[in-house]
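Colleague: Each number in the numbering used here corresponds to the 1-based position in the sequence shown with 4 added.
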Amino acid sequence: MTVLNHWINGAEVAGTSGKTADVTNPATGGVTATLSLAGQAELDAALKAAAGAFPAWRDTSLAKRTQILFAFRELLNARKEELAALITAEHGKVLSDALGEVSRGLEVVEFACGISHLLKGGFTENASTKVDVHSVRQPLGPVAIISPFNFPAMVPMWFFPVAIASGNTVVLKPSEKVPSAALWMARLWQEAGLPDGVFNVLNGDKFAVDGLLDAPEIKSVSFVGSTPIAQYVYQRGTAAGKRVQALGGAKNHMIVLPDADLDLAADQAINAGFGSAGERCMAISAVLAVGSIGDELVQKIKERAVALRTGDGTRGCDMGPLVTQVAQDRVTGYIDAGEAAGATLVVDGRQGEFDADGNGFFVGPTLFDNVTTDMSIYTDEIFGPVLSVVRIDSFDEAIALINANPYGNGTAIFTNDGGAARKFQNEVEVGMIGINVPVPVPMAYYSFGGWKNSLFGDSHAHGTEGVHFFTRGKVVTSRWLDPSHGGINLGFPQNA
Ligand code: NAD
Numbered sequence: 005m006t007v008l009n010h011w012i013n014g015a016e017v018a019g020t021s022g023k024t025a026d027v028t029n030p031a032t033g034g035v036t037a038t039l040s041l042a043g044q045a046e047l048d049a050a051l052k053a054a055a056g057a058f059p060a061w062r063d064t065s066l067a068k069r070t071q072i073l074f075a076f077r078e079l080l081n082a083r084k085e086e087l088a089a090l091i092t093a094e095h096g097k098v099l100s101d102a103l104g105e106v107s108r109g110l111e112v113v114e115f116a117c118g119i120s121h122l123l124k125g126g127f128t129e130n131a132s133t134k135v136d137v138h139s140v141r142q143p144l145g146p147v148a149i150i151s152p153f154n155f156p157a158m159v160p161m162w163f164f165p166v167a168i169a170s171g172n173t174v175v176l177k178p179s180e181k182v183p184s185a186a187l188w189m190a191r192l193w194q195e196a197g198l199p200d201g202v203f204n205v206l207n208g209d210k211f212a213v214d215g216l217l218d219a220p221e222i223k224s225v226s227f228v229g230s231t232p233i234a235q236y237v238y239q240r241g242t243a244a245g246k247r248v249q250a251l252g253g254a255k256n257h258m259i260v261l262p263d264a265d266l267d268l269a270a271d272q273a274i275n276a277g278f279g280s281a282g283e284r285c286m287a288i289s290a291v292l293a294v295g296s297i298g299d300e301l302v303q304k305i306k307e308r309a310v311a312l313r314t315g316d317g318t319r320g321c322d323m324g325p326l327v328t329q330v331a332q333d334r335v336t337g338y339i340d341a342g343e344a345a346g347a348t349l350v351v352d353g354r355q356g357e358f359d360a361d362g363n364g365f366f367v368g369p370t371l372f373d374n375v376t377t378d379m380s381i382y383t384d385e386i387f388g389p390v391l392s393v394v395r396i397d398s399f400d401e402a403i404a405l406i407n408a409n410p411y412g413n414g415t416a417i418f419t420n421d422g423g424a425a426r427k428f429q430n431e432v433e434v435g436m437i438g439i440n441v442p443v444p445v446p447m448a449y450y451s452f453g454g455w456k457n458s459l460f461g462d463s464h465a466h467g468t469e470g471v472h473f474f475t476r477g478k479v480v481t482s483r484w485l486d487p488s489h490g491g492i493n494l495g496f497p498q499n500a
């Protein structure tokens with residue numbers, strides 16, 4: 005059995021805590037590796053490595069840092085299929101989707117390659133007589149990144165390229181369900197020339213998370229996961245004096261207006277509802293069919309859903325398994341509950357043929373119609389391939405429903421009416437909005453993040469907000485002596 009360890013100070017470090025977790029292949033249900041979970045010794049070693057590497061890395065020139073970023077980008081681009089295969093083997097998503105995830109992560113690396121420009125400060129000559137003022141942004145120190153299972157490569161890459169390029173050192177704690185991608189990327193950083201200790205991987209559970217939240221060495225925490233844990237991380241991290249961005253769960257709605265192209269809307273509902281088996285924080289889980297289009301739209305989605313092939317992600321299927329048996333049981337439990345509550349089950353993912361060997365954690369595409377807002381399939385984040393159609397009378401009611409939701413991650417509208425789209429983007433209380441685009445994940449040079457219970461903290465990931473999150477500002481006011489200098493004045497400095 006393969007044992008997966010930690011990556012600390014540029015080397016694999018075997019765990020000594022005695023605590024382990026099984027890593028499985030969700031397509032077969034088989035255990036593929038044993039993961040060492042961190043105890044105090046590994047936590048201390050990771051903190052020491054990140055703190056020890058910081059002074060030299062902070063002082064490394066931007067030219068050198070950028071060269072290493074470019075080298076990492078080139079290596080990752082050349083070997084992205086390897087990383088995608090690791091993701092499919094532990095997460096279950098189909099290979100093309102895993103490759104898509106890596107490509108979106110690569111975009112953040114490319115963004116971070118421009119760090120010299122992003123860190124440029126301002127300069128004002130002669131702000132007061134013979135006084136100049138300039139601003140700089142400096143790195144924070146060792147930073148922690150705690151990531152979820154559903155994007156083993158992309159979510160860590162929302163943060164670490166910008167953190168490292170800005171001069172910080174990193175301790176990444178990946179999800180214990182999908183640890184291999186992080187370890188693979190750590191080795192790649194070393195190959196790219198990153199000094200030891202700048203990027204560390206600490207595998208672990210709550211013990212490791214709490215240790216990072218409390219450690220005085222750690223200056224900021226970037227967390228992505230479910231809302232209750234995000235809230236906990238935000239509260240504990242900020243109470244310990246850290247800067248925290250904690251991205252939480254989601255329940256994303258897609259409005260389809262009567263004037264929309266219903267074939268396009270049905271295609272995109274399928275892509276956004278069932279891509280990655282619905283295990284995306286930007287997945288669409290509720291389709292709001294406005295007016296009298298409901299029957300036609302449901303029929304079109306149904307035709308497409310039954311044609312999807314679900315199975316092992318290495319076999320060219322459309323959709324893979326869920327990540328664990330627990331996830332499979334949770335999702336089938338929601339389907340049972342939706343049926344019991346009286347929603348119309350149009351396509352039942354509990355039944356069906358799955359193209360895989362063994363006992364994989366499969367649930368096929370599932371479509372409910374006539375879902376009402378009191379049902380658990382509507383209120384809860386299911387995080388599986390379950391799409392709910394809610395029939396709704398008017399556009400205003402659809403917007404009100406979205407705004408009443410406690411989450412505010414992503415949302416989309418399908419319409420050919422520019423005025424309606426504009427009203428939607430203006431009024432909807434959600435961080436990321438798609439207009440005839442179902443999964444509106446922002447480009448790396450914009451920032452990713454939701455509103456309300458989908459994000460705690462005030463900085464979104466990557467883009468300029470990411471650069472601000474991983475740096476602190478300083479303003480320097482300077483006067484160089486010349487013969488006119490001198491004199492005592494105890495008044496508050498005024499400019500002249
Ligand atoms: P999770 O909250 O179970 O785990 C996330 C991380 O927290 C993992 O590293 C895990 O080890 C750690 N963790 C789990 N329980 C903990 C505890 N009690 N104390 C401290 N740490 C703990 O989330 P998940 O199941 O891995 O990921 C799915 C969730 O992530 C979904 O809710 C999804 O919406 C969300 N997500 C959100 C975004 C976003 O951008 N908002 C992106 C991806 C995923």
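For every residue, glycine included, the Cβ atom is placed at its ideal position computed from N, Cα and C. These figures come from a predicted structure and were not determined experimentally.
#1: Using only the alpha-carbon positions, how far apart do residue 17 and residue 162 sit?
#2: Just the Cα atoms here: how many angstroms apart are residue 351 and residue 433?
#3: Just grab the DSSP bridge partners of residue 203 for me.
#4: Quick check: the segment 246 to 256 against the segment 402 to 414, are there 3 or more CB pairs under 8 Å?
#5: Tell me which residue opens and which closes the beta strand (DSSP E) that residue 138 is part of.
#6: Shorter than 8 Å, the distance from the beta carbon of residue 409 to the closest heavy atom of the ligand NAD, or not?
#7: Quick one: complete alpha helix (DSSP H) runs, 4+ long, within the segment 43 to 128?
#8: Can you look up residue 275 in the DSSP assignment and give me helix, strand or coil?
#9: At what residues does the alpha helix (DSSP H) containing residue 472 begin and finish?
#10: Please state the DSSP three-state secondary structure of residue 16.
#11: Does DSSP put residue 572 in a helix, a strand or coil?
#12: May I ask whether a heavy atom of the ligand NAD can be found less than 8 Å away from the beta carbon of residue 83?
#13: Find out if the Cβ-Cβ distance for the pair residue 98, residue 323 is shorter than 9 Å.
#14: If we ignore side chains and look at the alpha-carbon of each, how far apart do residue 50 and residue 41 end up?
#15: Less than 8 Å between the CB of residue 284 and some heavy atom of the ligand COA, yes or no?
#16: In terms of residues, what are the limits of the alpha helix (DSSP H) holding residue 166?
#17: Between the Cα of residue 137 and the Cα atoms of 5, 494, 490 and 482, which residue gives the shortest distance?
#18: Roughly how far, in whole angstroms, is the beta-carbon of residue 461 from the beta-carbon of residue 236, given that I think they are within contact range, below 8 Å?
#19: With 16 as the cutoff for other CB atoms within 10 Å, does residue 115 come out buried or exposed?
#20: Less than 8 Å between the CB of residue 278 and some heavy atom of the ligand NAD, yes or no?
#21: Excluding the 5 residues preceding and the 5 following residue 453 in the sequence, name in chain order all residues of the same chain whose CB lies nearer than 7 Å to its CB.
#22: Any heavy atom of the ligand NAD closer than 8 Å to the beta-carbon of residue 254?
#23: Are the beta-carbon atoms belonging to residue 152 and residue 228 less than 9 Å from one another?
#24: If you draw a straight line from the C-alpha of residue 422 to the C-alpha of residue 263, how long is it?
#25: Thinking C-alpha only, which one of 314, 61, 204 and 272 is nearest residue 361?
#26: What are the boundary residues of the beta strand (DSSP E) that residue 233 is part of?
#27: So is residue 177 buried or exposed if we call it buried at 16+ other beta carbons inside 10 Å?
#28: Among the residues of its own chain, which have a CB less than 7 Å from the CB of residue 312, if the five just before and after it don't count?
#29: To the nearest angstrom, how far is it from the Cα of residue 230 to the Cα of residue 213?
#30: Taking 8 Å as the cut-off, is the CB of residue 251 close to at least one heavy atom of the ligand NAD?
#31: So, helix, strand or coil for residue 460, using DSSP?
#32: Could you give the DSSP three-state label for residue 265: helix, strand or coil?
#33: Expressed to the nearest angstrom, what Euclidean distance is found between the alpha-carbon atoms of residue 272 and residue 127?
#34: Looking at the unbroken beta strand (DSSP E) that takes in residue 365, where does it start and where does it end?
#35: Any heavy atom of the ligand NAD inside 8 Å of the beta-carbon of residue 97?
#36: Are the beta-carbon atoms belonging to residue 2 and residue 90 less than 9 Å from one another?
Modeller: Quick look at the numbers:
#1: 25 Å
#2: 31 Å
#3: 174
#4: yes
#5: 135 to 143
#6: no
#7: 44 to 62, 66 to 82, 84 to 95, 99 to 116 and 119 to 122
#8: helix
#9: 467 to 473
#10: strand
#11: It is not possible to answer for residue 572, since the shown part of the chain is limited to 5 through 500.
#12: no
#13: yes
#14: 13 Å
#15: With respect to the ligand COA, the structure shown offers nothing to examine, as its ligands consist of the ligand NAD.
#16: 158 to 169
#17: 482
#18: The Cβ separation is near 13 Å, so there is no contact.
#19: buried
#20: no
#21: 251, 435, 459, 464 and 465
#22: yes
#23: yes
#24: 11 Å
#25: 314
#26: That residue, residue 233, is in no beta strand (DSSP E); its alpha helix (DSSP H) goes 231 to 243.
#27: buried
#28: 278, 322, 323 and 369
#29: 14 Å
#30: yes
#31: strand
#32: coil
#33: 48 Å
#34: That residue, residue 365, is in no beta strand (DSSP E); it is neither H nor E in DSSP.
#35: no
#36: Residue 2 cannot be examined here, being either before or after the span of the chain that is shown, 5 to 500.
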